[in-house]
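Data block below; observations after.
2 protein chains.
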Amino acid sequence: MPTASQALNGRARISDQTRKRVARVARRLRYAPHAAARRLILGRSNSAAMVPGSNMTGMFSDLFYRAVLAGVGGVFEEAGYRMLITPPLRSASQPPQFVEMASAREIDGVLVAGAVDGRWVKQTMDTGMPVVLLDNHLPGKPVPAVVNDNTGGAYSGTRHLAELGHTRIGFMGAAVDYPFGRETHDGYRRALTDAGLPVDPALEIIIPIDAERAREGAGALLSLADPPSAIFAVTDMLALGVTTAARERGLAIPADLSVVGMDDIDLAAVTNPPLTTVRIAKEAMGRRAARMLLDLIHGDDVDPRLVILPTELVVRGTTGGHR
Amino acid sequence: MPTASQALNGRARISDQTRKRVARVARRLRYAPHAAARRLILGRSNSAAMVPGSNMTGMFSDLFYRAVLAGVGGVFEEAGYRMLITPPLRSASQPPQFVEMASAREIDGVLVAGAVDGRWVKQTMDTGMPVVLLDNHLPGKPVPAVVNDNTGGAYSGTRHLAELGHTRIGFMGAAVDYPFGRETHDGYRRALTDAGLPVDPALEIIIPIDAERAREGAGALLSLADPPSAIFAVTDMLALGVTTAARERGLAIPADLSVVGMDDIDLAAVTNPPLTTVRIAKEAMGRRAARMLLDLIHGDDVDPRLVILPTELVVRGTTGGHR
DNA sequence: CGGCAGTGTCAAATCGATTTGACATCCGCT
DNA sequence: AGCGGATGTCAAATCGATTTGACACTGCCG
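Line by line, the protein sequences give chains C and Y. Positions 1 to 323 (the working numbering) are the ones given, in order, by the first sequence. Positions 1001 to 1323 (the working numbering) are the ones given, in order, by the second sequence.
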């Protein structure tokens, strides 16, 4: 079948006419080349693994990761690459599935979204397999990564509240084991300091990202003797938990309490009132990371090993001036 | 390397001592067999595709999907199988990724969860690739499938309300393009008829599964001149939308309105009040479907092509007697 | 007529792991 | 000594697609 192969793959010495004839026959016979055989001789599989980090509750649950996934998928599809999503991480001591797939050379590259044990990343990279981190980075390690400007985002959200005249601004942070948690906290505190406001640890609550916990946490903040008049939450889901808790206490938004989220999930624009939030360029993040991985697979050097994407403040209906 | 292969794969004529020695060396060299080469000679890849149907991509089916995934993953892992999740369906006219993977023999079987175009299923099965549907079935077609007893579940949820003395029982159905929608509707109507209650189309609302629509829909039902005193919703998320809408109108639950959901997501037990619901055996569904697929892959005949799993009514705090 | 470009056929090598059958040792037992 | 069982070595075939180089054929041009 050398002729057939050359015709289908656009190689040498085959006229257009023959090429088309072969293609027609192949279609009629429903012929599809055997992926493993191709992989073996060509040395590449044209597929990459997308790994949901341990902070992802589920690949599709998270509106955040769905948007990222769309960006990644678009670039891969355009490049003729296949994206395989691995299941959520298994028992901690065993290597996650992507490590096995990488060492068996089933894939050409790995894209890890979110929290991951650096040990597995290192082991995979040591075998020469390209890895790109997404929404996560290993500080001090030369692992290519694409992240959001979490510090800057938290800064601009908090500053917005300060500029509206609020002086007691609460913080709802996320307890996660990757840099996002610390970075947002930094941004919040820095904005307070720059605005000449004191940092009050009593106004800071750090919880796992979870619907119930968010409402409880917000309730605790609002029950303080001297409660905040505004709250910056590090994700939109947390911010929505805050608005729910406020409504349960009879507080009007934004009259009694201003709220800023971060993310700009689809839902944010249609809540009542629509949520003021710091938009994360989710699709761009996915696209950028996917392109970086493809470059690495093709052997190109990627220039900045760490890409930080800027955020954008989107002022909607949940923020107002301090009385 | 015949000896090495025989040692690692537990084949003939190799003493335990040599076996161990080979294993040690292999580990030190970080040797892992090339998946494609193995696939080629062995004729199987020990991996299967898990396909999220077009209804599984949304956030609300997600808690459901996660539980199913856990069941599937457990069985696969135990069997030494790898599960690859394909990304959400791409543009409608192109074949979804699992079809390509199947025709290139990258996988040994396909598990489709939820709504899927029957055309692709047929095309895949025609090539001899085992396919099992999960939470979906193609009526009249001999495609192996594992489903919930949706009719029975809706029946028991509705009957529970009738037994509590409710006579005007609303229905909140899902507008989806697979049997779930029709089956739950049937179960609801049948329960009414069996209880000697009239069917009133004005009490039936059928909407896409979506947070906003659920609240609006419930609002419409509760605004009727002669509103229902109880509502059966076909998913827990819809039921929670109902309770939210009721609370917004100052109705107490269950005093003024009884609500029953279906699913029993984790959240259902911790809401206030905890949700009465019809439990779907989600993990069992995943396990059963995974086992069926493995049987088909191993060439065994599966006996009932359609497995229907029973539901269980879980009475919690959102249902009470009719005044 | 000789040569050459354009096109197609064909056999052989290649990718990496596994399986098989032939052959070689070594050991213990009769 | 001779035999059989246990164990290990080795060369060769296999899986399916691709690539390469040798060769053949046609038709056109100088």
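From the three backbone atoms N, C-alpha and C, an ideal C-beta is built for every residue, glycine too. All values derive from a computational prediction rather than experimental measurement.
(1) Which value, in whole angstroms, describes the spacing of the CA atoms of Y/P1142 and Y/V1234?
(2) Taking the continuous alpha helix (DSSP H) assigned at Y/S1103, which residues delimit it?
(3) Rounding to the nearest angstrom, what Cα-Cα distance links C/L294 and C/V116 in this structure?
(4) Going along the chain, which residues of the stretch 1062-1088 of chain Y sit with their C-beta nearer than 8 Å to a C-beta in chain C?
(5) For C/I265, tell me which candidate among C/R119, C/L224, C/E283, C/A255 has the shortest Cα-Cα distance.
(6) Looking at the structure shown, is C/M292 part of a helix, part of a strand, or coil, going by DSSP?
(7) Please classify Y/G1250: does DSSP put it in a helix, a strand, or coil?
(8) How many Å lie between C/H298 and C/G157 at the Cα?
(9) Measure the C-alpha to C-alpha separation of Y/V953 and C/H137 and round it to an integer number of angstroms.
(10) Considering only residues of the same chain and omitting the five flanking positions on each side of Y/T1276, which have a CB-CB separation below 6 Å?
(11) Mind checking which residues open and close the alpha helix (DSSP H) that includes C/E183?
(12) Is there a C-beta anywhere in chain Y that falls below 9 Å from the one on C/E100?
(13) Just to confirm my understanding: we take Y/L1238, look at its own chain, exclude 5 residues before and 5 after, and list those with CB closer than 6 Å. What are they?
(14) Given Y/S1229, which residues of its chain have a CB within under 6 Å of its CB, disregarding the five upstream and five downstream residues?
(15) Checking the sheet assignment: what are the DSSP bridge partners for Y/E1163?
(16) Are the beta-carbon atoms belonging to C/P87 and C/Q94 less than 9 Å from one another?
(17) Would you say C/E283 faces chain Y, with C-beta separation under 9 Å as the test?
(18) Is the Cβ of Y/S1045 closer than 9 Å to any Cβ of chain C?
(19) Taking the alpha-carbon positions, what's the C/R19 to Y/A1036 distance?
(20) Roughly how far, in whole angstroms, is the beta-carbon of Y/G1196 from the beta-carbon of Y/T1151, given that I think they are within contact range, below 8 Å?
(21) What do you get for C/A67, buried or exposed, if any count of 16 or more other CB atoms within 10 angstroms of its CB means buried?
(22) When the Cα of Y/S1221 is compared with those of Y/P1254, Y/P1179, Y/G1170, which residue comes out closest?
(23) Is Y/S1093 close to chain C, meaning its C-beta is less than 9 Å from at least one C-beta of that chain?
(24) I'd like to confirm the pairing. Which residues does DSSP put opposite Y/M1172 in its beta bridges?
(25) With 9 Å set as the bound, which would you pick, yes or no: does the beta-carbon of Y/T1318 sit closer than that to a beta-carbon of chain C?
(26) Tell me whether the stretch 1108-1124 of chain Y and the stretch 38-53 of chain C touch, counting them as touching only if at least three CB pairs, one residue from each stretch, are closer than 8 Å.
(27) Compile a chain-ordered list of the residues in the stretch 1243-1277 of chain Y whose CB is closer than 8 Å to at least one CB of chain C.
(28) When you check each C-beta in the stretch 1140-1174 of chain Y against every C-beta of chain C, which residues fall closer than 7 Å?
(29) When you compare only the Cα positions, how much space is there between Y/L1029 and C/V99?
(30) Consult DSSP for Y/N1272 and reduce its assignment to one of helix, strand or coil.
(31) Within the 9 Å Cβ cut-off, does C/T127 reach chain Y?
(32) May I have the straight-line CA-CA distance separating Y/I1107 from C/G73, to the nearest angstrom?
(33) Just verifying my parser: in three-state terms, what is the DSSP assignment at C/S156?
(34) Considering only the beta carbon of each residue, do C/V147 and C/M285 sit closer than 9 Å?
(35) Run through DSSP, which three-state label would C/L69 get?
In this structure, then:
(1) 27 Å
(2) 1097-1103
(3) 21 Å
(4) D1062, L1063, Y1065, R1066, L1069, G1073, E1077, R1082, M1083, L1084, I1085, T1086, P1087, P1088
(5) C/E283
(6) helix
(7) coil
(8) 39 Å
(9) For residue 953 of chain Y there is no data in the structure shown, the boundaries of chain Y being 1001 and 1323.
(10) V1260, V1315, R1316, T1318, T1319
(11) 180-194
(12) yes
(13) M1172, A1214
(14) H1166, R1168, H1322
(15) Answer by DSSP bridge pairing: none, since Y/E1163 is not bridged.
(16) no
(17) no
(18) yes
(19) 28 Å
(20) Not really, about 19 Å apart at Cβ, beyond 8 Å.
(21) buried
(22) For the sequence presented, residue 1221 of chain Y should be read as Leu rather than Ser. Minimum Cα distance to Y/L1221 is reached at Y/G1170.
(23) no
(24) Y/I1205, Y/A1233
(25) no
(26) no
(27) L1267, V1270
(28) none
(29) 16 Å
(30) coil
(31) yes
(32) 20 Å
(33) helix
(34) yes
(35) helix
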